[in-house]
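A short write-up of the structure that comes next.
In this note's numbering, the protein residues as written are 37 to 438.
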């Protein structure tokens, strides 16, 4: 098959790690030809250009700044990207006939591109639903419910769902949310197709872990509790700060690694308080981040308490891959905590509940045998539920059925 993948994630090569390169690499390795459309943002100062590698073409489309931009620029960029991608598609891939058009949210503004490919080639359309927008922006008070902007985006959201032949949701809670809030959608369109990767089992020796800790100035004699990823309003970072402030156990150390619109908010806390039980590092290249993660002991997930949509954070897979127990502090609507606890690889608590956080941390560090058991359960959960083999088979089976 010829597969067209639309994304706002910056992809330069399918050899990069991550949920999308891993899945697309699986398609390529199974003999399919893969075409990717990925942004090169205004800040990159590059024109639209094509990268070719191993039966794959990656078209880097010049766009406005989409990631880590202020709300106004992000809004304009999201609305403009549809036309930018459609023009780039016609200019660069007009001679290609696509069998499958695969795309993810965000954004929700690819409908014209998808419609063009479906009408031209009769392609099957598959949405990987990674984000429920604009409701998430309403939850974060970034967009006012019922406003003109909200109505524009909501109309585009419903168009995207309507034009998609199949919608792969990250979890059961995501399926339920879409069904309950979009009664016009045919339920048979929906299936659970979560984030997935190619597990690599990146185990390291104790000596290697110590070398990594020394490199980044981390203590050798404490359990490292790490939060890695986006530092933005959706993460509810005030509770992360409260956790660092109030939990000063001599056996644990908090590591925060990431970047985003709220990075300076976190940095201001570290600069003002100079916490001796925590360290802040700006986001690292994925290869370096993975190596650092492999030397840590417990993964942490934070989500804002006001979310009504069931987020399912992708960083879960990074922690599972490193065989780390996980503590998830989230809103009550996501089912990520339910998955973690059901599979006995960590603990869930509601964001803001510092008593529950203290209890979860104590439980993890006080029982060595249970800690080891949770590490193995984390790895098992990854292999059982979140591999690209499973996602690939789900998608291909739908195209074959058509």
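All residues carry an ideal CB built from backbone N, CA and C; glycine is no exception.
Counting C-beta pairs closer than 8 Å gives three or more between the stretch 292–306 and the stretch 314–322, which meets the contact rule. Counting along the chain, residue 360 sits inside no beta strand (DSSP E), nor does DSSP assign it H or E at all.
As DSSP reads the structure, residue 75 sits in a beta bridge with 97. Residue 177 carries a coil assignment under DSSP once its states are collapsed to helix, strand and coil. The three-state reading of DSSP puts residue 119 in helix, counting H, G and I together. Inter-residue distance for residue 76 and residue 115 is about 16 Å (C-alpha atoms, whole angstroms). In the three-state DSSP reduction, residue 105 falls in the coil class, being neither helix nor strand.
By the CB criterion at 8 Å, residue 341 and residue 310 fall outside the cutoff. Rounded to whole angstroms, the Cβ separation of residue 383 and residue 396 is 4 Å, and the two are in contact under 8 Å. Here DSSP, grouped into helix, strand and coil, assigns residue 298 to coil.
Considered as a whole, the stretch 389–432 harbours 390–402 and 404–421 as its complete alpha helix (DSSP H) runs of no fewer than 4 residues, in chain order. About 7 Å separates the CB atoms of residue 82 and residue 98; that is less than 8 Å, so the two are in contact.
Taking every protein chain shown into account, the CB of residue 371 has 16 or more other CB atoms within 10 angstroms, so this residue is buried. With respect to the 8 Å criterion, residue 221 and residue 197 are classified as neighbours on the basis of their beta carbons.
As computed with DSSP, residue 205 is found in a beta bridge with 165 and 228. Of the residues assessed, residue 361 falls on the buried side of the cut-off, its CB having 16 or more other CB atoms within 10 angstroms.
The stretch 174–191 makes no contact with the stretch 152–160: fewer than 3 CB pairs, one atom from each, lie closer than 8 Å. Following the DSSP letters along the chain, one finds residue 274 inside the alpha helix (DSSP H) bounded by residues 273–282.
Counting C-beta atoms within 10 angstroms of its own C-beta, residue 177 has fewer than 16 neighbours from the protein chains shown and is therefore classed as exposed. Contact annotation: the stretch 120–139 touches the stretch 39–46, with at least three C-beta pairs closer than 8 Å.
Residue 38 carries a strand assignment under DSSP once its states are collapsed to helix, strand and coil. Taking each of 284, 85, 323 and 273 in turn and checking the Cα distance to residue 301, the smallest one comes out for 273.
Under the three-state reduction of DSSP, residue 111 is assigned to helix.
In chain order, 339 and 370 place their CB closer than 6 Å to the CB of residue 347, counting only its own chain and leaving out the 5 sequence neighbours on each side. For residue 337, the uninterrupted beta strand (DSSP E) run begins and ends at 334–338, by DSSP. When secondary structure is reduced to three states using DSSP, residue 351 falls in the helix class. Rounded to whole angstroms, the separation of the alpha carbons of residue 233 and residue 263 is 20 Å.
In this structure, 333 is the residue among 333, 47, 377 and 391 with its C-alpha nearest to the C-alpha of residue 240. Here residue 104 has 295, 296 and 297 as same chain residues with Cβ atoms under 8 Å from its own Cβ, once five neighbours each way along the sequence are excluded.
Measuring C-alpha to C-alpha distances from residue 354 to each of 415, 402 and 344 identifies 415 as the nearest. No Cβ-Cβ contact shorter than 8 Å links residue 91 with residue 72. Here residue 350 has 55 and 231 as same chain residues with Cβ atoms under 7 Å from its own Cβ, once five neighbours each way along the sequence are excluded.
Following the DSSP letters along the chain, one finds residue 376 inside the alpha helix (DSSP H) bounded by residues 372–378.
Non-local beta-carbon contacts of residue 189 in its own chain, meaning distances under 6 Å to residues more than five positions away in sequence, involve 170 in chain order.
Under the 10 Å beta carbon count, residue 308 is surrounded by fewer than 16 other beta carbons and is classified as exposed.
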